[in-house]
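If you read the sequence shown in full-length UniProt numbering, its first letter stands for residue 1, the second for the next number, and so on. What follows is a single structure, written as structure tokens, with notes after it.
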Amino acid sequence: MKIFYVTSTFGIHDYRFLTKLSSSKNEIHLISFLNPLAETNSKYMFQEIISLPCLLIHHYKDFSRGKRLPIVLEVFRRANYLRQKISQIKPDVVHSGWVQTDSLYAVLAGAKPLLIMTWGSDILLEPKKSKFWFYLTKFVLSQASMVYSDCEEVKNRVINICPKCFGKTIVFPQLGIDRQQFFPVSMEEKQRLKEKLGFSQDKVLVMTRHFEPVYGVEFFVRALASKIEIGQPIRTVLIGGGSLFDSMQQLAKQLGVFEQISFLGRVDNKDLPLYYQCADIYVSSSLSDGTSLSLLEAMSCGLPVVVSDVPAYHDWIEDGINGYFSSQKNPVVLAEKIGRLLRDKPLMEKMRQKNLLIAEERIDWNQNFEKLLVVYQGLVN
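Take a look at the structure:
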């Protein structure tokens, strides 16, 4: 099969999809609309992606020498570029991302068959901004041959926005995780890793979310300022970059918890497993989300979790069984749930085993990739 993968921003999700696709026997074309002025993380990940073997790259470069064109004109220029590539190469399937940008370009280019891959916020947040964004989203979704959602919450919202998508929307958890990279370690090895990082006497909490408002990092930092009494020090590892990175460091200083937090910034994906493996609990205080890759990574490493009560997380977490839910924007409750779990070693072990079982059954990206190829083939047929 000839497969077009259309995207404007490059993140770890894109890298994982393209890594698996480029290693398959299919002909994979990356249609890139990455702006040279894009954020550093996208530029970095783009460099990783273009080094993948057997990936044919078509990079839209007409950004009018840095001049900002009217948005409508730029949209149609990108759609025309994609239309030309489709005419030249004649792909069997077009796989597009963010609904209001990449998938819009694909729809205007007349791409068929078209698999639209929703990312979460493009369905959960963008349509709420105005009637314009709602009806634009509805129009784009209505033109899809199939819509790929990463959780039941997003699937239901897709159908609510565009009833025509009933029967052609599937749930698929962002391929899943490379379990040869994200795997659990023994308690002895966990302690050795803690000693290596200088956390030998600590219980370790880890969060790997971007420092953006939607991920609610502020509420986790505030939770750490509450009294979490467990009889030993707590070390928190925050991984990720973003617009709020500096302000969260300042908040931690104001609250008197800066010294117990390691603000690591962006960490290479190959180094991430180390921080999950040395941790005792994974925490997320997100305000909105689809299926979280960070959550799946943590579960694959055998971590019990404490997460905010986001509907999408219910696809993966049962409260009190393999993690705890905390009410959103409530640092006091979040701190209480973290403390309760840290004090209950038998429950932590039970949650660890449950998450490893879920990872084995549902999170392995080799198994999920074969399912994605079946979806592609079904669209071709």
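For glycine and all other residues, C-beta sits at the position ideal for the given N, C-alpha and C.
Beta-carbon spacing of residue i, residue j below 9 Å
| i | j | result |
| --- | --- | --- |
| A279 | L303 | yes |
| A106 | V6 | yes |
| G288 | V307 | Strictly speaking, residue 288 in this sequence is Ser, with Gly absent from that position. Cβ atoms of S288 and V307: not closer than 9 Å. |
| K354 | N330 | no |
| L115 | S96 | yes |
| L18 | I28 | yes |
| I317 | L295 | yes |
| F245 | F211 | yes |
| L356 | S300 | yes |
| E126 | Q100 | yes |
| residue 397 | I261 | Past the edges of the chain, shown from 1 to 381, lies residue 397, and the structure says nothing about it. |
| L272 | D92 | no |
| D315 | Q328 | no |
| L82 | I177 | no |
| F4 | A79 | no |
Length of the line joining the Cα atoms of residue i and residue j
| i | j | result |
| --- | --- | --- |
| V72 | L55 | 30 Å |
| F166 | N160 | 9 Å |
| K350 | A225 | 28 Å |
| H13 | V333 | 31 Å |
| Y275 | G198 | 12 Å |
| Y60 | P163 | 33 Å |
| K227 | Y376 | 51 Å |
| G339 | I230 | 7 Å |
| L124 | M117 | 14 Å |
| Y148 | A312 | 15 Å |
| D150 | K138 | 18 Å |
| L342 | S200 | 16 Å |
| F325 | K337 | 8 Å |
Simplified DSSP state of residue i, which is helix, strand or coil
| i | result |
| --- | --- |
| V257 | coil |
| H210 | coil |
| R235 | strand |
| E229 | coil |
| V93 | strand |
| V310 | coil |
| Y148 | strand |
| T291 | coil |
| M117 | strand |
| K138 | helix |
| T9 | coil |
| V185 | coil |
Per DSSP, cross-strand counterpart(s) of residue i
| i | result |
| --- | --- |
| F220 | Bridge partners of F220: none, in fact. |
| G265 | I239 |
| S319 | What sits at residue 319 in the sequence shown is Asp, not Ser. Paired residues: G323. |
| Y282 | V206, V305 |
| I3 | I28, V93 |
| V171 | S149 |
Using 8 Å as the threshold, is the region 245-255 in touch with the region 170-183, meaning 3 or more CB pairs across them? no
For the 8 Å Cβ check, are there 3 or more pairs between the region 179-191 and the region 147-162? no
Pair every Cβ in the region 46-55 with every Cβ in the region 20-27, then say whether three or more of these pairs are closer than 8 Å. yes
Answer yes if the region 231-243 comes into contact with the region 202-220, meaning at least three C-beta pairs across the two stretches below 8 Å, and no otherwise. yes
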